[in-house]
Each structure stands twice: as C-alpha cells, then as structure tokens.
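Protein chains in written order, with the UniProt record's numbering: chain A, 1 to 376; chain B, 1 to 376. We treat Cβ as the ideally placed atom computed from N, Cα and C, and that holds for glycine. Bear in mind that the values here come from a model prediction, so they are computed numbers and not experimental data. Notes follow once the structure below has been shown.
Protein chains: 2
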Amino acid sequence: MPSIQLKTPSASYEIVIASGLVKTLPARLKKLKAGKPFRTFLVTSPEIWGLWGKQVIAAFGKESPTVLFLPAGETHKRLRTLESLLEQMAAAGADRDALLVAFGGGVVGDVTGFLAAIYMRGVAYVQVPTTLLAQVDSSIGGKTGVNLAAGKNLVGSFHHPLAVLADTDLLNTLPAAELRAGLQESIKAGIIRDPKLFGYLENNADAVLGRDAKALTHVVAASVRVKADVVANDERESGLRMILNYGHTLGHAIEAATGYKQLLHGEAVGWGSIAATRLGLMRGMIGKDEADRIIRLILRYGPLRSFKATAARLVDLTSSDKKKRSGTLSFVLPAKIGEAVIVRDVTREEMLAVAEWTLELVREQGAAAKQKQKRK
Amino acid sequence: MPSIQLKTPSASYEIVIASGLVKTLPARLKKLKAGKPFRTFLVTSPEIWGLWGKQVIAAFGKESPTVLFLPAGETHKRLRTLESLLEQMAAAGADRDALLVAFGGGVVGDVTGFLAAIYMRGVAYVQVPTTLLAQVDSSIGGKTGVNLAAGKNLVGSFHHPLAVLADTDLLNTLPAAELRAGLQESIKAGIIRDPKLFGYLENNADAVLGRDAKALTHVVAASVRVKADVVANDERESGLRMILNYGHTLGHAIEAATGYKQLLHGEAVGWGSIAATRLGLMRGMIGKDEADRIIRLILRYGPLRSFKATAARLVDLTSSDKKKRSGTLSFVLPAKIGEAVIVRDVTREEMLAVAEWTLELVREQGAAAKQKQKRK
Ligand SMILES: NC(=O)c1ccc[n+]([C@@H]2O[C@H](COP(=O)([O-])OP(=O)(O)OC[C@H]3O[C@@H](n4cnc5c(N)ncnc54)[C@H](O)[C@@H]3O)[C@@H](O)[C@H]2O)c1
Ligand SMILES: NC(=O)c1ccc[n+]([C@@H]2O[C@H](COP(=O)([O-])OP(=O)(O)OC[C@H]3O[C@@H](n4cnc5c(N)ncnc54)[C@H](O)[C@@H]3O)[C@@H](O)[C@H]2O)c1
Numbered sequence: 001m002p003s004i005q006l007k008t009p010s011a012s013y014e015i016v017i018a019s020g021l022v023k024t025l026p027a028r029l030k031k032l033k034a035g036k037p038f039r040t041f042l043v044t045s046p047e048i049w050g051l052w053g054k055q056v057i058a059a060f061g062k063e064s065p066t067v068l069f070l071p072a073g074e075t076h077k078r079l080r081t082l083e084s085l086l087e088q089m090a091a092a093g094a095d096r097d098a099l100l101v102a103f104g105g106g107v108v109g110d111v112t113g114f115l116a117a118i119y120m121r122g123v124a125y126v127q128v129p130t131t132l133l134a135q136v137d138s139s140i141g142g143k144t145g146v147n148l149a150a151g152k153n154l155v156g157s158f159h160h161p162l163a164v165l166a167d168t169d170l171l172n173t174l175p176a177a178e179l180r181a182g183l184q185e186s187i188k189a190g191i192i193r194d195p196k197l198f199g200y201l202e203n204n205a206d207a208v209l210g211r212d213a214k215a216l217t218h219v220v221a222a223s224v225r226v227k228a229d230v231v232a233n234d235e236r237e238s239g240l241r242m243i244l245n246y247g248h249t250l251g252h253a254i255e256a257a258t259g260y261k262q263l264l265h266g267e268a269v270g271w272g273s274i275a276a277t278r279l280g281l282m283r284g285m286i287g288k289d290e291a292d293r294i295i296r297l298i299l300r301y302g303p304l305r306s307f308k309a310t311a312a313r314l315v316d317l318t319s320s321d322k323k324k325r326s327g328t329l330s331f332v333l334p335a336k337i338g339e340a341v342i343v344r345d346v347t348r349e350e351m352l353a354v355a356e357w358t359l360e361l362v363r364e365q366g367a368a369a370k371q372k373q374k375r376k
Numbered sequence: 001m002p003s004i005q006l007k008t009p010s011a012s013y014e015i016v017i018a019s020g021l022v023k024t025l026p027a028r029l030k031k032l033k034a035g036k037p038f039r040t041f042l043v044t045s046p047e048i049w050g051l052w053g054k055q056v057i058a059a060f061g062k063e064s065p066t067v068l069f070l071p072a073g074e075t076h077k078r079l080r081t082l083e084s085l086l087e088q089m090a091a092a093g094a095d096r097d098a099l100l101v102a103f104g105g106g107v108v109g110d111v112t113g114f115l116a117a118i119y120m121r122g123v124a125y126v127q128v129p130t131t132l133l134a135q136v137d138s139s140i141g142g143k144t145g146v147n148l149a150a151g152k153n154l155v156g157s158f159h160h161p162l163a164v165l166a167d168t169d170l171l172n173t174l175p176a177a178e179l180r181a182g183l184q185e186s187i188k189a190g191i192i193r194d195p196k197l198f199g200y201l202e203n204n205a206d207a208v209l210g211r212d213a214k215a216l217t218h219v220v221a222a223s224v225r226v227k228a229d230v231v232a233n234d235e236r237e238s239g240l241r242m243i244l245n246y247g248h249t250l251g252h253a254i255e256a257a258t259g260y261k262q263l264l265h266g267e268a269v270g271w272g273s274i275a276a277t278r279l280g281l282m283r284g285m286i287g288k289d290e291a292d293r294i295i296r297l298i299l300r301y302g303p304l305r306s307f308k309a310t311a312a313r314l315v316d317l318t319s320s321d322k323k324k325r326s327g328t329l330s331f332v333l334p335a336k337i338g339e340a341v342i343v344r345d346v347t348r349e350e351m352l353a354v355a356e357w358t359l360e361l362v363r364e365q366g367a368a369a370k371q372k373q374k375r376k
C-alpha cells in the first residue's frame, strides 16, 4: 500500500493511496487522534453521498459521524456556504475536539479545510479525496480556501490535514471527463519533476483511462510524490512551489475567458501546458522531440474541450492573474521532460504568439472532434 | 516611550505605547516593511474616522492609504462584513504585499486581523488600537475573528500583527463608559499577575479616570506587559493563557443573558471578576481583606451598569460557554492579589450560590445609582 510522508516546517502527515480505504476509515481516524476524545463531522455533497454514503455509514457502524452537506460545484465554494457549515457545527455543539472529514473533490476539500482552519481558530481534519484531481493535487499541501466574486481562491488559510486517505475505488464512479481532466495534473507532475511517471503515462494510457486499479494506484502515488516533494521544500510558495503552476498561468486565463463554465479546470490546464511547452520550444529551452512528446501525451489524455477566445484577451487575463507579483509575470516552462524552470522575462509579444498558436490548435482539435462525432 | 517585545514561537513583535504615535505612523510602517514594497489599506469605522481621519491623512501626506470602512458595533463583526471588505480589497487590486492597518477598537481589530489572516492566505497587518480595551487586551496576542449567530468569536485565526502601536492620545475622544469598561481589563491584569499595577490603580484612580496622559500610559503599558507575558508563555491557549479569562466565565454568561446589549463587555467582566473573587473567598483560597480590596477596586472604576437575570440562567449559560472542554468547566480564581489559579471542580451548587450573591450586589449597586441620580 503506497504511503508517502509529507514533512513541512509546520506539519508532518501521511498520504495513503489504496483501494478499500473507506472501510478502514473509522479505525484510521481513531489512530490519528491517538486516544484523545473527538467527534467526527463529515463534510460532503449530496451527489457524492448518494454514491458512497451507504458504504461510509456501514464502515462507521454504531459510531456514525455527523454529516454536513454543501451543494456540488465551484459556485458554492464561497463564504456563504462556509458560514452555513460553521453555524451547523456550532448548532451541533462542535468543540475544539471536532475532527472534520472532507469527503469529496477539490471543492469539498478546499471548503472543509478552510472550515477546519477557522472554526474556533482551528480544529483537525482529514482529507478523503474522491476525484482524481483531489487525490493527486488539491488534498495535498495544506492550501484551503474559497472564492470571491472578484476571483478564485482569493481567501483562505494554510492548514494541513492530519492525513490524506486516497481510496482509488472512489474513482470508479467519477465521470470520464473528470477522470481525464484530473490526469492532466498527473501529466504536469511528470513534465515538471518525474520522467518515469511521464513514461508510465505514455505506455499505459489504456490501462489508466480504463481505471485499472493497479495503474491508477501507480499514477496517483507517483503524482502525490511529486507534489509532496515540492511542498516539503517550499511550504509557503515562496519559490519552488511555483513550478506546480506549470500550465496554470494560461490555464487560469482560459478559465476566466470562458466564465469558468465551458472547460473543466484540468482541461484548461491541459491547454495551458501545451502553451507553456510551445513557449519553451520557441525560446529554444526544450528540444522539438520532447516538446512533441509532451503535447502528444496531453492530447492522448483528452479530448480537451475546445473554446473560443482571442489571443489578446487571454494575454490580458494572464497579466491580471494573482500569481503576478509586483509587475513581473512568472512563467513555468519545461527545460526537458522531468524538469521545469521559472522565467520572469516573458514579453507580451511572445505571449501573444504562443496564445495564437494554441488557439489554432484548439480550433483544429475542435474540428477534428466534430468530424469524429459525425462519423459515429 | 514604553515598548514591549512580544515573543512567541511563531512571531516576535513590538508593542509601543505613547502619545503622538499617529504622527509617526507612516514612517513606522515603512520601517516594519524594511524596504520591501507595500500598499497600505487602513480599516476603520466612520465614527472613529470622523474623529481622527484628518490627523491620520495629514500624517500620511501624499502617500495616503486606501481607507476601508466597517460600520461600528459588535453586530457588524460578522462574515458578511468580512466578505465585503475582502471584495473591496480584491477590487482595489490588493496583492500579497498589502499591509493592513486596523484603526479602531476591538471590533475593528478582530475583523481586520482576520481579514489579514485570510486574504490571499495571509498578508501583514499592524494594530493601531483606539479604545482602552483594544490597547490593553484585544490588539495583543494574535487572536482574530468574527462572531456567528450561534456565539461570539466562534470563527477566526491566530495571526499576529507586525506591531501594535497604541497612541494614548486616541483615548481622549473615547466615551467615559468605554474607558471605564476597558479599565476592568487592567484591573484583571493586576489581580491575576501584577500586584504593583493593582496598587497603582488603587492609588491613582482620579488621575487614570481623568485621562492624565502619564497615568494612562503607565496603566496601559503595565497591562500590556501582563498580557504579553502570558501570551509569550502560552501562545495557543493550552494552559496558562486561560488565566486571562479571569472574570470572563460568568462575564460571558451575563453578556449572553442580557443579549449583548445592556452592558459593555468590560462591565460584564467586572461583575464576573467580582463573582470569581467571591468564589475564591467561599473556598478559602483568598483572604477576606484581599477579596474586599479587589471588589472595592472594581466598583471604584465603575459604575458597572446593573442588569436583571436569575442565578439559574447565569449558571446554565456558563456551562454552555465555549471555554468548556469535554464536560469540565475551568474557572480562574484569585489566590491572592497578583496570582490566579485554574480550578476544574466547581460544582453547580457553588456556582448558584456565587451567582445569587453577585446578583444581590448588582441590585444594591443599581439602587444606589438610582438614589444618586435622584439626588442630583
Ligand atoms: N487546495 C489546492 O491546493 C488545490 C489545488 C488544485 C485545485 N484546487 C481546487 O479544486 C477544485 C476542483 O476540484 P475537483 O476537480 O475535484 O472538482 P469538484 O470538487 O467540483 O468535483 C468535480 C465533480 O465530481 C463530482 N464527484 C466528486 N467525487 C465523485 C465521485 N467519486 N464519483 C462521482 N462524482 C464525483 C463532484 O460532485 C463534482 O460534480 C477547484 O475549486 C480548485 O480551485 C485546489
Ligand atoms: N482578540 C482578542 O484577543 C480580544 C480580546 C478581548 C476582546 N476582544 C473583542 O473586542 C471587542 C470589543 O472591543 P472594544 O471594547 O474596543 O469595542 P468596539 O471596537 O466596539 O469599540 C467601542 C466603541 O468605541 C468607539 N470608538 C473606538 N475608538 C474610539 C475613539 N478613539 N474615540 C471615540 N470612540 C471610539 C467605537 O466606534 C465603538 O462604538 C469585542 O468584539 C471582543 O470580542 C478581542
């Protein structure tokens, strides 16, 4: 059973990746609290609970947790939702010995983590991620928070969980598009830090996309290792951790340009990764062969949905991204498969050229997808 | 100029107490940021700004800060207010280099500190407390937060300021009742930890209540030293810091019983301190002479407004106080002037007896106050 220990200056915890973890959840929670009294509050959304609630309840037996719900979807990742959950906890008499369990995707995880960070100035929580994206990315590293009207993830806390328990069985009910979108983050992990993971994803695409348990466990564990390693070296995102933004700079601009509705986050990141690779190639930082391999792998785990935008709009949105710091825009580019570098001197002209090129590919892929559908 | 260095495991910062500090505020902020670029956001309420805004603006000269407002009063210490401030910051393009200044009483300080704790997962802030309570208590120690409908201060973060700059001139515009209520926290500091401060308050009541600059600076500085010392030894309130709750257990119950409207916080704490002293006396933990001195001093800094409640109701509310931990109620009692102890075995019967006795004193004092008013 793969288990990764994440050590940061402020916390140390285990990330377990295995099938069947839900069954052992109550015992694991007890062990994490090491004999101290606690009361479990499980936060989830009705959709996920509909699929997995019975199994969870069965695992807890007589000691069933208090279940709190938030509606599914990014639109509910807001302070309003948080306040309602906080009031529910208070009404239920939750004390500092409350133990929260985030049972869901990245939205549930981010909201629950933040809830745990601020209820009575901080209680403990455990992540049980149920999407691929949450298992390989959002549940790890202690970033929690919600959105403002003015932008995504603008409010939050650093608050690490007591543990991350990633049960790969949970992925069996995940819609295919969500699985594929999440896998873009695994591809990213390969590109920036792990050539072996990259190779595995190249050679085992059918097994991974077919949800073969062994293949999924391998990919999730390897991706987690990359993220945990980066976070351990730079908990507060002052340097290295920025490389996790590979593909995200333009990705966020694409999400903003399409109103956060047309594409899944991972799909936008896929396009953003392609753009970053193209920029690396234009700058002669990465060779043609490797750049092609990256783009091919990203598309292999597609289709990435197409969208409409102008290059100028994307570039404008990029510069207003919150990753910008005092005027200069940081960009993560591939140096080779398994290595990324941060550059700060990307010009508007370069950005425009890359955006144009990427949008052309978006159109091509969109047209090809339409053809394919017609043929069916 | 009294200056106290507060060192905790997670932060180290200066608390300066002096008259005329507002004039040097811009220079001090620059020094605190040590050459790094930053943008100042000052948070205050319209009432306070009406009294002091001109002076602050004059001090900043051309580099005037962005001023954000929250309405005065405890009812606005809520997530709603916070969200509006967060959106205003985002709309103004605030980045991680934002520096918040809390310019107000405890409400402004608690909200601004929490705002700083969660905007982009944490930006820096400075406390400029404008009430006596804020100068001696709420601005120090890094506790920030807001209220829920279900209870006070149930949501928040530990987030220390870069510095606390307590300008005693600001107290000149404070309503007399607010000044006196705040001084109850100074009396508390004397009782639990500083017999010299207690003596000073006994011997200089006229000067302190008359807002003599030297007397106020002395009292504020001594009170700050007590709080800073306790916080330095127990940042996260796992033990010692609990003694700061002296008078607060019953105080909170009184506030709850009167709907947080009739009494100022400090007045409720005054009555709570009297009750704790009585309990100490009943248990033979403190002598009659010292108990009398304590009660006399608290009343000297009154009048504490009277209120109506039954002993049973107060005791019930006490047990639902959030300081309660897994069933046992902790109570801070005086051992002598300058020393407090935490006890955990107070029975309901004792509590009822003490509440009855205190309510009798409340009635007496209320009647006396009425007589006095009639005679005028
Ligand atoms: N904290 C971080 O470090 C971090 C990192 C990356 C992303 N994020 C955040 O993560 C969020 C995206 O996470 P996400 O992609 O998991 O989205 P999500 O949480 O919205 O889940 C996607 C969809 O899948 C459904 N779902 C979840 N688990 C399921 C299951 N087992 N079976 C069937 N359906 C299931 C959900 O109900 C939802 O409709 C964003 O808000 C993003 O900002 C956070
Ligand atoms: N964080 C902590 O550790 C801590 C400790 C104790 C209390 N608190 C909190 O502090 C709050 C109470 O603080 P408070 O007593 O300062 O109340 P407050 O902030 O409501 O201020 C009291 C009143 O005085 C006015 N005021 C403020 N400064 C003034 C000035 N210079 N001149 C004239 N009027 C002025 C305000 O507008 C308000 O009407 C509570 O919310 C309490 O929970 C926090």
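- Query: From which residue to which residue does the beta strand (DSSP E) around Ile4/A run?
  - Reply: Ser3 to Lys7
- Are any of the Cβ atoms in chain B nearer than 8 Å to that of Val155/A? yes
- Message: For a contact defined as C-beta to C-beta under 7 Å, what are the partners of Gly259/A on chain B?
- Response: Under the 7 Å cutoff, chain B gives no residues; its nearest Cβ is about 18 Å from Gly259/A.
- Query: Can you tell me where the beta strand (DSSP E) with Lys152/B in it begins and where it stops?
  - Reply: Gly151 to Phe158
- Item | Range covered by the alpha helix (DSSP H) that runs through Asn203/A | Pro195 to Asn203
- Query: For Glu364/A, which of helix, strand or coil comes out of DSSP?
  - Reply: helix
- Query: What residues from chain A crowd round Leu86/B, counting only those whose CB sits closer than 9 Å?
  - Reply: Leu79, Leu148, Ala150, Leu154 and Val155
- Contact the segment 28–46 of chain B vs the segment 69–80 of chain B: 3+ CB pairs below 8 Å: yes
- Query: Is DSSP giving Ile337/B helix, strand or coil here?
  - Reply: coil
- Message: Is it the case that the segment 164–183 of chain A contacts the segment 111–120 of chain B, given that we only count it when at least three CB pairs across the two stretches are under 8 Å?
- Response: no
- Item | Asp137/A - DSSP class collapsed to helix/strand/coil | helix
- Task: Would you mind reading off the limits of the beta strand (DSSP E) that contains Arg39/A?
- Result: Arg39 to Thr44
- At a CB-CB cut-off below 9 Å, which residues of chain B make contact with Phe158/A? Arg121 and Gly122
- Item | Straight-line Cα distance separating Lys152/B from His265/B | 12 Å
- For Leu100/B, which beta-bridge partners are listed by DSSP? Phe41/B and Tyr125/B
- Task: Give the single residue among Ser19/A, Ile4/A and Ser330/A whose Cα lies nearest to the Cα of Ala215/A.
- Result: Ser19/A
- Message: Can you find the residues in the same chain that come closer than 6 Å, C-beta to C-beta, to Leu165/B, ignoring five residues on each side of it along the sequence?
- Response: Val16, Leu21 and Val128
- Message: Let me check you understand the geometry: is the CB of Leu174/A closer than 7 Å to at least one non-hydrogen atom of ligand 1?
- Response: yes
- Around the C-beta of residue 383/A, are 16 or more other C-beta atoms found within 10 angstroms, so that it is buried, or is it exposed? Given that chain A is displayed from residue 1 to residue 376, the structure contains no residue 383/A and the question cannot be resolved.
- Message: Which same chain residues end up closer than 7 Å to Arg78/A when comparing Cβ atoms and leaving out the 5 residues on each side of it in sequence?
- Response: Val146 and Asn147
- Message: Can you look up Glu14/A in the DSSP assignment and give me helix, strand or coil?
- Response: strand
- Query: Taking the beta strand (DSSP E) that Asn147/A falls in, what are its first and last residues?
  - Reply: Lys143 to Leu148
- Message: Give me the DSSP bridge partner(s) of Asp289/B.
- Response: Paired residues: none, contrary to the question.
- Message: Using a 10 Å radius around the Cβ and a threshold of 16 neighbouring Cβ atoms, would you call Gly113/B buried or exposed?
- Response: buried
- Message: For a contact defined as C-beta to C-beta under 9 Å, what are the partners of Glu255/A on chain D?
- Response: Chain labels in this structure do not include chain D; the protein chains are A and B.
- Could you say which of Gly106/A, Asp289/A and Leu281/A lies nearest to Val141/A if we only look at CA atoms? Reading the sequence as shown, one finds Gly at residue 141/A and not Val. Looking at the Cα atoms, Gly106/A is the closest of the given residues.
- Item | Top-ranked residue by Cα proximity to Glu356/B, from Gln262/B, Leu314/B and Ala253/B | Leu314/B
- Query: Should the segment 159–175 of chain A be regarded as contacting the segment 217–225 of chain A, the criterion being three or more beta carbon pairs within less than 8 Å?
  - Reply: yes
- Message: Please tell me whether, using a cut-off of 7 Å, the distance from the CB of Gly73/B to the nearest non-hydrogen atom of ligand 2 is below it.
- Response: yes
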